[in-house]
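Engineer: Numbering (my numbering), first residue to last: 161 to 285. Glycine included, C-beta positions come from ideal geometry on N, C-alpha and C. Structure below; questions to follow.
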């Protein structure tokens, strides 16, 4: 049993020690490629939004637009008018008074519950 354990320990040591040279060579190549890639990047990147490759990038851009209150960018995320349904409405966030609701109903009629582009301009402070 002792010989089997020694044999197992020796093979484990050999297996773990043998791949270091290949790993170091691969790591060095990757590092050199990344350094070469960064030298080609333009330093003066004027765009404050990252290129969209995944939905995560798109969400980060949306978050940045909300935080910086970039109305032009935010308008690209909505198809106006935003139609409200029985279970979803944006108006509970704004809490209009009764007088404001009356003015809104006079202006838009039966579509007073919809959220229009001018509403985004008005309420995004």
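1. How would you call residue 198, buried or exposed, if buried means at least 16 neighbouring beta carbons within 10 angstroms?
2. What does the alpha-carbon distance come out to for the pair residue 250 and residue 276?
3. Would you mind working out which of 254, 161 and 280 sits nearest residue 242, comparing C-alpha positions?
4. In three-state terms, what does DSSP make of residue 238?
5. How long is the line joining the alpha carbons of residue 247 and residue 207, rounded to whole angstroms?
6. Once the 5 residues before and after residue 234 are set aside, which same chain residues still bring their CB inside 6 Å of it?
7. For residue 221, count neighbouring C-beta atoms within 10 Å of its own C-beta (all shown protein chains included) and say buried if the count is 16 or more, exposed if not.
8. Taking only three categories from DSSP, how would you classify residue 275?
9. Report the option in 253, 164, 263 and 214 whose CA atom is closest to the CA atom of residue 283.
10. So, at 8 Å on beta carbons, what are the nonlocal neighbours of residue 229 in its own chain, with the 5 sequence-adjacent residues on each side left out?
11. Give me the Cα-Cα distance between residue 223 and residue 217, rounded to the nearest whole angstrom.
Structural biologist: In brief:
1. Residue confidence for residue 198 is low, a pLDDT of 47 falling below 50, so the modelled location carries little weight; the figure read from the coordinates is stated next. Classification of residue 198: exposed, given that the 10 Å Cβ count is below 16.
2. 11 Å
3. 280
4. DSSP places residue 238 in coil when its eight states are reduced to three.
5. Each residue's alpha carbon lies about 38 Å from the other.
6. 225
7. buried
8. Strand, per DSSP.
9. 253
10. Counting only Cβ-Cβ distances below 8 Å, and skipping sequence neighbours, we find 284 and 285.
11. Residue 223 and residue 217: Cα-Cα distance of roughly 10 Å.
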